[in-house]
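Notes follow the structure.
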Amino acid sequence: MFMPDPNAKIWLYTQPTDMRKSYTGLLGLIKQQIKESPLTGYFVFINRRKTQMKILYFETSGYCLWCKRLSQGQFNYASSEKAKHALSTMELQHLLAGIKVEKYRQFKRYKRAS
Numbered sequence: 007m008f009m010p011d012p013n014a015k016i017w018l019y020t021q022p023t024d025m026r027k028s029y030t031g032l033l034g035l036i037k038q039q040i041k042e043s044p045l046t047g048y049f050v051f052i053n054r055r056k057t058q059m060k061i062l063y064f065e066t067s068g069y070c071l072w073c074k075r076l077s078q079g080q081f082n083y084a085s086s087e088k089a090k091h092a093l094s095t096m097e098l099q100h101l102l103a104g105i106k107v108e109k110y111r112q113f114k115r116y117k118r119a120s
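Counting in the numbering used here, the sequence shown runs from 7 upward without gaps.
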């Protein structure tokens with residue numbers, strides 16, 4: 007199971023992505039379309055049919071590319087006019103598990119004063 011750093015930024019590229027792209031092609035999308043530094047977090051890409059996902063991120067020694075291809079079903083997310091959409095770690099886990107991200111809602115939790 008893919009477990010990103012809980013404090014890292016996660017960006018979903020909302021436009022369909024050609025899954026033939028590898029490191030160089032996805033880095034180009036990050037710089038030109040998402041307009042973020044590739045070193046700043048996790049970048050999630052999904053193909054047109056919503057059956058394949060790639061996550062590109064940087065670790066201490068270089069870039070890592072994580073891939074997932076569904077045998078049935080689709081990744082559930084809404085396309086957007088914007089090129090990027092920020093995700094929380096929990097939203098990414100829900101996306102990977104097949105839970106529709108837009109319908110997920112976390113309720114407030116009160117914290118005790120210390």
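Ideal Cβ positions, reconstructed from N, Cα and C, are used throughout, including at glycine.
Legend entry - Which residues DSSP lists as bridging residue 37, in chain order: Here residue 37 refers to the residue found at position 31 when the sequence shown is read from its first residue. For residue 37, DSSP records no beta bridge to any residue.
Legend entry - Between the CA atoms of residue 8 and residue 61 - distance to the nearest angstrom: As a first step, residue 61 must be located in the sequence shown, where it is residue number 55. As a first step, residue 8 must be located in the sequence shown, where it is residue number 2. Distance between the alpha carbons of residue 61 and residue 8 is about 10 Å.
Inset, instruction - Quick one: grab the DSSP three-state call for residue 92. - result: Mapped onto the sequence shown, residue 92 falls at position 86. Three-state DSSP puts residue 92 in a strand.
Inset, instruction - Check whether the Cβ atoms of residue 81 and residue 36 sit closer than 9 Å, and answer yes or no. - result: Here residue 81 is taken as the residue at index 75 of the sequence shown, counted from 1. Here residue 36 is taken as the residue at index 30 of the sequence shown, counted from 1. With contacts defined as CB atoms closer than 9 Å, residue 81 and residue 36 fail to qualify as a contacting pair.
Legend entry - Member of 100, 42 and 75 whose CA lies at the smallest distance from the CA of residue 19: What you label residue 19 is simply residue 13 of the sequence shown in a count that begins at 1. When only C-alpha atoms are compared, the closest one is 42.
Legend entry - Test item: CB-CB of residue 16 and residue 71 under 9 Å: For the purposes of this step, residue 16 is identified with residue 10 of the sequence shown, where counting begins at 1. For the purposes of this step, residue 71 is identified with residue 65 of the sequence shown, where counting begins at 1. At a Cβ-Cβ threshold of 9 Å, residue 16 and residue 71 do not count as neighbours.
Legend entry - Neighbourhood of residue 79 by C-beta distance below 7 Å, restricted to the same chain and skipping five residues each side: The sequence position of residue 79 within the sequence shown is 73, counting from 1. The answer, listed in chain order, is 104.
Inset, instruction - Go ahead and label residue 76 buried or exposed: buried means 16 or more other beta carbons lie within 10 angstroms of its beta carbon, across all protein chains shown. - result: Sequence index remark: in the sequence shown, residue 76 carries index 70 (1-based). Exposed, since its Cβ has fewer than 16 Cβ neighbours within 10 Å.
Inset, instruction - Please list, in chain order, all residues of the same chain as residue 49 whose beta carbon is under 6 Å from its beta carbon, the five residues on each side excluded. - result: Start at 1 with the first residue of the sequence shown, and residue 49 comes out as number 43. Taken in chain order, the residues that qualify are 17, 36 and 62.
Legend entry - Nearest-angstrom Cβ-Cβ length linking residue 47 and residue 14, presumed shorter than 8 Å: Within the sequence shown, numbered from 1, the residue matching residue 47 stands at position 41. Within the sequence shown, numbered from 1, the residue matching residue 14 stands at position 8. Contact flag correct, Cβ pair sits at about 5 Å.
Inset, instruction - Check residue 79 in the structure and name its three-state DSSP category. - result: Numbered from 1 along the sequence shown, position 73 holds the residue referred to as residue 79. Coil, per DSSP.
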